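Chemist: Note that numbering that gives the first Met the number 0 has the first sequence beginning at 0, numbered continuously upward. Beta carbons are placed, not taken as given, at the ideal position from N, Cα and C, and that holds for glycine. These figures come from a predicted structure and were not determined experimentally.
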Amino acid sequence: MSDKPRVRFAPSPTGYLHIGGARTALFNWLWARRTGGTFVLRVEDTDRERSTQQAVEAIFDALRWLGMDWDEGPDIGGPHGPYFQTQRLPVYRRYAEQLIAEGKAYACYCSKEELDVLRKQAEKEKRQFKYPGTCRGKPYDPSRRHVIRFRMPETGATTYQDLVKGPITTPHDTLQDEVILRGDGMPLYNFGALVDDIEMKITLVARGDDHVNNTARQILMYEGLGAPVPVFAHLPMILGADKTRLSKRHGATSVTAYRDMGFLPGAVVNYLVRLGWSHGDDEIFTIDDLVKYFDFEHVGATAGVFNPEKMLWVNHEWMRQLPREEVARRAVPFFRQAGLPAEDDEKLRHVADVARERAKTFGEMVQQFRYFYAPIQLDPKAKEKFLTADAKPTLSTIRAGVAGLPALETAALEKLFQDAAAARGLAAGKVAQPVRVALTGGTASPGIYDVIQILGREETLKRLDDALGLIG
RNA sequence: GGCCCCUUAGUCUAGUGGUUAGGACGUCGGCCUCUCACGUCGAAGACAUGGGUUCAAGUCCCGUAGGGGUCACCA
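1) List the endpoints of the continuous alpha helix (DSSP H) containing H477.
2) With 16 as the cutoff for other CB atoms within 10 Å, does M0 come out buried or exposed?
3) Who are the Cβ neighbours of L367 in its own chain at under 8 Å, not counting the five residues just before and after it?
4) Can you list, in chain order, the residues of its chain whose CB lies under 7 Å from that of L273, leaving out five sequence neighbours each side?
5) Closer than 6 Å to a non-hydrogen atom of the ligand HEM - does that hold for the CB of G225?
6) Enumerate in chain order the residues of its own chain whose CB-to-CB distance from M260 is below 6 Å, with the five nearest sequence positions on each side excluded.
7) Starting from L162, follow the beta strand (DSSP E) in both directions and report where the run begins and ends.
8) From what residue to what residue does the alpha helix (DSSP H) around T37 run?
9) Let me know the secondary structure DSSP gives I179 once reduced to three states.
10) Give a yes or no on whether the C-beta atoms belonging to G446 and I375 are separated by under 7 Å.
11) Starting from V493 and walking both ways along the beta strand (DSSP E), at which residues does that stretch end?
12) Would you check if there are 3 or more beta carbon pairs closer than 8 Å linking the segment 90 to 106 to the segment 292 to 305?
13) Just the C-alpha distance for Q217 and L193, rounded to the nearest angstrom, thanks.
14) Nearest to A251 by CA position, among R5, R7, Q160 and H17, is which residue?
15) Can you give the Cα-Cα distance for F149 and S110, rounded to whole angstroms?
16) How is L238 classed by DSSP in three states: helix, strand or coil?
17) So the beta strand (DSSP E) V146 belongs to, where does it begin and stop?
18) Buried or exposed: which applies to E408, given that a residue is buried once 16 or more other Cβ atoms fall within 10 Å of its Cβ?
19) Express the C-alpha separation of P4 and A31 in angstroms, rounding to a whole number.
20) So for P229, helix, strand or coil by DSSP?
21) Which residue's Cα is closest to the Cα of A302: D288, L234, Q175 and L224?
22) Check each candidate in P332, R206, L311 and I470 and name the one with the smallest Cα separation from Y257.
23) So, with DSSP's three-state summary, where would you put T173?
24) Only counting the same chain, and skipping five residues up and downstream in sequence, which positions put a Cβ closer than 7 Å to that of Y370?
25) Please report the straight-line C-alpha distance between E222 and V228, rounded to a whole angstrom.
26) Quick check on L467: does DSSP put it in helix, strand or coil?
27) Quick check on H249: does DSSP put it in helix, strand or coil?
28) Which value, in whole angstroms, describes the spacing of the CA atoms of L62 and K164?
29) Once you ignore the five residues that flank T285 on each side, which residues in its own chain have a CB closer than 6 Å to its CB?
30) Roughly how many angstroms separate the alpha carbons of D389 and L425, rounded to a whole number?
31) Quick one: any contact between the segment 107 to 121 and the segment 71 to 78, if contact means 3 or more CB pairs under 8 Å?
32) Between the beta-carbon of N27 and the beta-carbon of A205, is there less than 7 Å?
33) Just the C-alpha distance for G239 and I451, rounded to the nearest angstrom, thanks.
34) By a C-beta neighbour count over all protein chains shown, 10 Å radius and 16 as the cutoff for buried, is H297 buried or exposed?
35) If you scan the segment 32 to 118 from start to end, which runs of the alpha helix (DSSP H) of 4 or more residues do you find wholly inside it?
36) With 16 other CB atoms within 10 Å as the buried threshold, where does Y139 fall?
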């Protein structure tokens, strides 16, 4: 048919989409878009205990937020559906029956309890437990409760070329006759994923590093089924600061948590892809850049530590490159969320313009600049230092000046401040700081002329009066 | 513990036998400046270790150490 790659992302809906899953999805998606191939989304929901519809929605949402789209999937269908594994049970059964008919798999009637006893015993004797093949020769009796096991070879080894790790060899004597179908007819991961990958004609499997040990078994099964073996690419793990697998105790690990903190989806994508992949010395990539450059050749083989600081920096770079209108538009919900009456208007655009240099996320922006939309929270130290009797004449001068200016233009304000400083023989900072404290409540803010312009004449005068009142 | 994988600064990485080992985050310092931030200039900081192979090794081979993964009727 076509030699274009077909790749897939196959999450289990047992929770939100986490950082690691997102990166796996991204690598697959990028490769599909880069090559003009097909990106398939499949939901591996065979673990009924832990799978929820809610998680399915959450994962889809997160994928969409990151900007990924899929060519085939549960919600949009496609030629190889259905795309929920629990809706494909007959398919797995069919493949299993084929294997049984050819003597490559067999029914096993051992109970879980019996096996547990053996397992414990092996453990006690410090022996490696391996299913002994008790049921290998037994006839197939579907009426008895059973699982299906795939017959693994006992000697030799399987070697495959991993796209990121190179050749990987697994000795067969470490393998046991794997259960492929549970007693209730559900496929196990190794079998379900493989059957679907065959049916969905997946040509490249890029997945987490934790699956390397599954690969040889799967290859043996592909061969047993006479199906073409896809190319495998095992992506290195993402670790926390302590170099252990990234988990909740390292902080936020869900994609949506970063959305809620006010990260830009493109920046999250940018950071995540760069974690484990590189393109020379480049750091900032648009999505188009990534689609243009992404390859598995430059995916590193080593696990990487997730560094929130650097992601913050990447996000900041992205915010600064956005047009101010866009920053303002995206900032609205964050201000609203904080109960601040921001609107997508000229004022917000001015706020956005000066704030994006100083805030690395929209969350920070709201936190830092709430005084543009709410009464100031006067920092006691700033008050003590700058709202002094000495400052009173200066504040009065500025108040009068602002009141009398025909328009709050930057040049006019600049002149006002310079004159005020000169008149009293002060450095410019001596004038600006008390005004800054009066208008913002603190000692750090955007340029004072911007602050005045954003607040407007009325609010500026009010806040100056308030400060003057405090000094008494 | 068996098996598999990995190892360049605190972190992400460039590097495919010959480089003063490059970039980025972070850190520290200078400059800019109405504060903060931005920007800018600069600094400190790495090839885990021991053997080989080679005229030459971060790059190739072997060992050691350390780290990670995996050993289910989870995925």
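Modeler: Let me spell this out:
1) The structure shown does not extend to residue 477, since the chain is modelled only from 0 through 471, so no value can be given for it.
2) For the purposes of this step, residue 0 is identified with residue 1 of the first sequence, where counting begins at 1. Since pLDDT at M0 reaches only 49, below the 50 mark, its modelled position is unreliable, and the value read off the structure follows with that caveat. Exposed is the call here.
3) Counted from its first residue, the first sequence places residue 367 at position 368. Correcting the residue type first, residue 367 is Gln in the shown sequence and not Leu. Hits under 8 Å: A354, R357 and A358.
4) If you number the first sequence from 1, residue 273 lands on position 274. Residue 273 is actually Arg in this sequence, not Leu. Excluding positions up to five away in sequence, the list reads E282.
5) Ligands in the displayed structure: none, and consequently the ligand HEM is not present.
6) Within the first sequence, numbered from 1, the residue matching residue 260 stands at position 261. Closer than 6 Å at the Cβ level, and outside the excluded window around M260, lie T360 and G362.
7) Translated into positions along the first sequence, residue 162 becomes position 163. Neither: L162 is in no beta strand (DSSP E) and is coded neither H nor E.
8) Residue mapping note: residue 37 aligns to position 38 of the first sequence, counting from 1. No alpha helix (DSSP H) holds T37; the beta strand (DSSP E) holding it covers T37 to L40.
9) Counted from its first residue, the first sequence places residue 179 at position 180. Of the three classes helix, strand and coil, the one that applies to I179 here is strand, per DSSP.
10) As a position in the first sequence, residue 446 is number 447, starting the count at 1. As a position in the first sequence, residue 375 is number 376, starting the count at 1. No, the Cβ-Cβ distance between G446 and I375 is not below 7 Å.
11) Outside the modelled stretch of the chain, which goes from 0 to 471, sits residue 493, for which no answer is possible.
12) no
13) In the first sequence, the residue the question calls residue 217 occupies position 218. In the first sequence, the residue the question calls residue 193 occupies position 194. Roughly 7 Å between the two C-alpha positions.
14) Within the first sequence, residue 251 is the residue found at index 252, counting from 1. For the residues R5, R7, Q160 and H17, the minimum Cα distance to A251 belongs to H17.
15) Counting from 1 along the first sequence, the entry for residue 149 is found at position 150. Counting from 1 along the first sequence, the entry for residue 110 is found at position 111. Between F149 and S110, the C-alpha separation is close to 17 Å.
16) Working through the first sequence from its first residue, we reach residue 238 at position 239. DSSP places L238 in strand when its eight states are reduced to three.
17) Along the first sequence, read from residue 1 onward, the residue named residue 146 stands at position 147. Residues V146 to F149.
18) Along the first sequence, read from residue 1 onward, the residue named residue 408 stands at position 409. It counts as exposed.
19) Along the first sequence, one-based indexing puts residue 31 at 32. Along the first sequence, one-based indexing puts residue 4 at 5. So the two alpha carbons sit approximately 7 Å from each other.
20) Position 230 of the first sequence, counted from the start, is the residue given in the question as residue 229. Of the three classes helix, strand and coil, the one that applies to P229 here is coil, per DSSP.
21) For the purposes of this step, residue 302 is identified with residue 303 of the first sequence, where counting begins at 1. For the residues D288, L234, Q175 and L224, the minimum Cα distance to A302 belongs to L234.
22) Along the first sequence, read from residue 1 onward, the residue named residue 257 stands at position 258. Taking only the C-alpha atoms, the option nearest Y257 is L311.
23) Residue 173 sits at position 174 when you count from the first residue of the first sequence. Of the three classes helix, strand and coil, the one that applies to T173 here is helix, per DSSP.
24) To locate residue 370, count along the first sequence from 1; it is residue 371. Correct list, in chain order: T439 and G440.
25) In the first sequence, residue 222 corresponds to position 223, counting from 1. In the first sequence, residue 228 corresponds to position 229, counting from 1. Approximately 7 Å between the Cα atoms of the pair.
26) The sequence position of residue 467 within the first sequence is 468, counting from 1. Helix at L467.
27) Mapped onto the first sequence, residue 249 falls at position 250. Note: H249 maps to helix in three-state DSSP.
28) Indexing the first sequence from 1 puts residue 62 at position 63. Indexing the first sequence from 1 puts residue 164 at position 165. C-alpha separation (whole angstroms): 27 Å.
29) By 1-based counting over the first sequence, the position of residue 285 is 286. So the list is empty, once near-sequence residues are dropped.
30) Residue mapping note: residue 389 aligns to position 390 of the first sequence, counting from 1. Residue mapping note: residue 425 aligns to position 426 of the first sequence, counting from 1. Each residue's alpha carbon lies about 11 Å from the other.
31) no
32) For the purposes of this step, residue 27 is identified with residue 28 of the first sequence, where counting begins at 1. For the purposes of this step, residue 205 is identified with residue 206 of the first sequence, where counting begins at 1. The answer is yes: Cβ separation under 7 Å.
33) As a first step, residue 239 is located in the first sequence; it is residue number 240 there, counting from the start. As a first step, residue 451 is located in the first sequence; it is residue number 452 there, counting from the start. Those two C-alpha atoms are separated by around 44 Å.
34) Counting from one through the first sequence, the residue named residue 297 turns up at place 298. Classification for H297: exposed.
35) 52 to 65 and 88 to 100
36) Residue mapping note: residue 139 aligns to position 140 of the first sequence, counting from 1. It counts as exposed.
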